[in-house]
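Visitor:
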Amino acid sequence: MNHNEQTFTFEEMAELERRRLVADSLRGTLAVLNSNLSLEKLLNYIVNQACPLLNADAAAIYHLQLNGVLTTQALVGLSSDYVQYANIPLGKLATGKAALSRQPIYFADTKQLLQDNVDPNLRDAIEILTRKFKSILSVPIEIRDENYGSLTLYYKENHDISDEEIALAKDFSIQAALAIDNARLRMRVQQDAIVEERNRLARELHDSVTQNLFSASLIAETLPKLIARDPEKTLEGLNELCLLTRGALAEMRSLLLELRPHAMEDVQLDILIRQLSESASGRLRKPVHFSVSGQAMLPMDVRLTFYRVTQEALNNIIKHAAANCVQISLNYGESKMDGTCDWVQLSIEDDGCGFRKMDEKASHLGFSIMKERAQALGAELTIKSQVNCGTQIVLVWKANRQEQL
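For the record, in the sequence shown the residue sitting at position 345 is 345 according to full-length UniProt numbering, with numbers rising by one throughout.
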């Protein structure tokens with residue numbers, strides 16, 4: 001036998017295996033914390049991991065409410081008859097004591113809980129608890145300086161808690177705190193994004209719809225005075241009034257779609273682009289010609305990408321192109337028996353000022369964002385432009401190309 005070889009007893013091997021399982025579990029939990037799972041699923045994952053590694057038969061995470069009562073937020077192994085009573089006042093039982101003291105609390109014999117001066121309604125829960133579990137351990141959950149609640153572990157047999165188990169229970173409570181804190185941060189980011197989106201829509205409402213309606217009201221007030229004096233100018237005014245009101249209506253419809261994105265699921269692409277073209281026509285006060293060839297059902301991500309590219313292109317034309325003529329064409333491939341098609345092409349052309357170098361204008365005009373959207377879809381986007389000769393944007397999507405990606 002090689003004297004350098006190290007031998008282990010059965011107990012030592014078991015302990016090494018347990019430590020490996022603990023390390024693997026903690027690594028796995030950290031990986032889950034970085035996922036996009038909901039807070040409920042994250043906390044349920046943590047209590048399910050804590051039970052076997054701490055030799056517990058049940059576990060629960062409790063959240064301290066504003067009224068000073070701890071309620072279950074995630075649990076495993078606890079019966080419904082106990083949970084219905086398990087609203088635990090702060091400072092009561094192991095769960096409430098751990099939350100109040102911010103220290104681990106352990107009862108080797110749960111019957112000790114009956115010695116507390118507790119509310120009669122809580123005594124029913126304690127009696128159910130003592131019939132099913134002999135020992136209980138609770139550790140506090142703290143998020144930054146906030147007393148969030150407790151992680152409580154239940155044992156059916158009398159269990160001697162070691163310092164190592166208490167340390168491991170603390171690790172799980174820290175992971176629960178991280179999961180909760182991360183979920184709050186994600187929610188805050190989402191709320192900030194919602195507020196920013198609402199502010200953007202409010203700005204667009206003011207910049208486009210309000211200005212169009214204000215201009216339309218001025219023209220409407222002027223027209224009666226022009227009818228007898230200058231019929232030709234009256235006709236021009238009526239045409240402009242028609243463009244403004246139609247554009248404002250289309251703009252309102254587009255903004256409503258932005259507020260209710262799921263509504264796009266039931267709207268055909270040509271209708272979405274027609275609304276954008278009419279909205280742009282009102283803002284430009286010039287006709288935006290739109291034509292469509294064919295008809296087919298397209299996946300939601302295809303419609304959304306074509307919609308966003310059209311929206312960005314028309315915004316560029318309105319702000320930068322100084323165009324007199326804008327033409328948009330949408331062409332579908334041959335429709336199949338199931339109503340789908342193999343390809344669709346969108347072309348947006350203007351006779352505006354154009355530009356010379358793509359690299360200098362790409363970021364400023366949002367072309368890089370358009371290209372990213374097209375690449376994510378597996379579509380092809382080409383942009384051609386010359387100074388004083390306008391710009392052409394062509395977007396092509398092919399069904400078989402998307403399937404291959």
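Note that the Cβ used here is the ideal one computed from N, Cα and C, for glycine as well.
Predicted model only: the values in this text are computed from it and were never measured.
1. In angstroms, rounded to a whole number, what distance separates the CA positions of Ser385 and Gln392?
2. Quick check on DSSP: helix, strand or coil for Asn388?
3. In angstroms with no decimal places, state the Cα-to-Cα distance between Ala362 and His320.
4. Run through the UniProt domain "GAF" (38-190) for me and flag every whole beta strand (DSSP E) of 3 or more residues, listed as ranges in chain order.
5. With contact counted as at least three CB pairs below 8 Å, one residue from each stretch, are the stretch 330-345 and the stretch 291-308 in contact?
6. Quick one: grab the DSSP three-state call for Lys398.
7. Between Glu196 and Met187, what straight-line distance do the alpha-carbon atoms span, to the nearest angstrom?
8. In the DSSP assignment, find the unbroken alpha helix (DSSP H) run with Glu278 in it and report its ends.
9. Just the Cα atoms here: how many angstroms apart are Ser101 and Val189?
10. Measure from the alpha carbon of Asn331 to the alpha carbon of each residue in Ile318, Asn67, Leu346, Gly91, then state which is nearest.
11. Does the beta carbon of Thr310 come closer than 7 Å to any beta carbon on chain D?
12. Kindly identify the DSSP beta-bridge partner or partners of Gln375.
13. Quick one: what does DSSP say Gln327 is sitting in, helix, strand or coil?
14. If distances are taken between C-alpha atoms only, which option among Asn121, Leu137, Thr234, Pro120 comes closest to Thr110?
15. Could you tell me which residues DSSP pairs with Asp350 in its beta bridges?
16. Look at the alpha carbon of Glu164 and the alpha carbon of Arg123, and state the distance between them as a whole number of angstroms.
17. If you check the beta carbons only, do Leu151 and Ile141 fall under 7 Å apart?
18. Kindly indicate which three-state DSSP category Glu196 falls into: helix, strand or coil?
19. So which of Leu64, Trp397, Ile166 has the shortest CA-CA distance to Leu54?
20. Mapping DSSP to helix, strand and coil, what is Glu380?
21. With a Cβ-Cβ cutoff of 7 Å, do Val326 and Val387 count as a contact?
22. Based on Cα-Cα distance, which residue from Asp351, Cys51, Thr95 lies nearest to Leu64?
23. Taking the Cβ atom as the reference point for each residue, do Ile88 and Leu70 lie within a distance shorter than 7 Å?
24. Can you tell me which residues form a DSSP beta bridge with Cys341?
25. Check whether the Cβ atoms of Ala86 and Asn44 lie closer than 7 Å to each other.
26. Looking at Ile369: is its Cβ nearer than 7 Å to the Cβ of Thr310?
27. Starting from Phe355 and walking both ways along the beta strand (DSSP E), at which residues does that stretch end?
28. How big is the Cα-Cα spacing for Phe107 and Ala183?
29. Start and end of the alpha helix (DSSP H) containing Gln295?
30. Would you mind sorting Asp270 into buried or exposed? The rule is 16 or more other CB atoms within 10 Å of its CB.
Guide: Per the coordinate set shown:
1. Approximately 6 Å, taken between the alpha carbons.
2. Of the three classes helix, strand and coil, the one that applies to Asn388 here is coil, per DSSP.
3. For Ala362, the predicted structure reports a pLDDT of 49, less than 50, and the residue's modelled location is therefore unreliable. The matter cannot be settled from this model.
4. Taking only runs of at least 3 residues, the beta strand (DSSP E) segments lying wholly in the UniProt domain "GAF" (38-190) are 58-64, 69-76, 105-107, 135-143, 146-155.
5. Taking a contact to require three or more Cβ pairs closer than 8 Å, the stretch 330-345 and the stretch 291-308 qualify as touching.
6. Residue state for Lys398 is assigned as strand, using DSSP reduced to three classes.
7. Between Glu196 and Met187, the C-alpha separation is close to 14 Å.
8. 269-284 is the extent of the alpha helix (DSSP H) around Glu278.
9. Roughly 33 Å separates the two Cα atoms.
10. Looking at the Cα atoms, Leu346 is the closest of the given residues.
11. Judged by its chain identifiers, the structure shown contains no chain D, having just a single protein chain.
12. Residue pairing of Gln375 in beta bridges, as defined by DSSP: absent, with no partner found.
13. DSSP places Gln327 in strand when its eight states are reduced to three.
14. Taking only the C-alpha atoms, the option nearest Thr110 is Leu137.
15. DSSP lists Val326, Thr391 as partners of Asp350.
16. Approximately 32 Å, taken between the alpha carbons.
17. Judged by their CB atoms, Leu151 and Ile141 are nearer to each other than the 7 Å cut-off.
18. For Glu196, the secondary structure class from DSSP, reduced to helix, strand or coil, is helix.
19. Out of Leu64, Trp397, Ile166, the CA that lies nearest to the CA of Leu54 is found in Ile166.
20. Taken through DSSP and simplified to helix, strand or coil, Glu380 comes out as strand.
21. No; because the gap between Cβ atoms is not below 7 Å, this pair is not in contact.
22. Taking only the C-alpha atoms, the option nearest Leu64 is Thr95.
23. Against a cut-off of 7 Å, the Cβ pair of Leu70 and Ile88 comes out as a contact.
24. Beta-bridge pairing by DSSP links Cys341 to Ser335.
25. Taking 7 Å as the Cβ cut-off, Ala86 and Asn44 do not qualify as a contacting pair.
26. No; because the gap between Cβ atoms is not below 7 Å, this pair is not in contact.
27. Premise fails: Phe355 is in no beta strand (DSSP E) and is neither H nor E.
28. Looking at the two C-alpha atoms, the distance is approximately 32 Å.
29. Counting along the chain, Gln295 falls outside any alpha helix (DSSP H), and DSSP gives it neither H nor E.
30. Classification for Asp270: buried.
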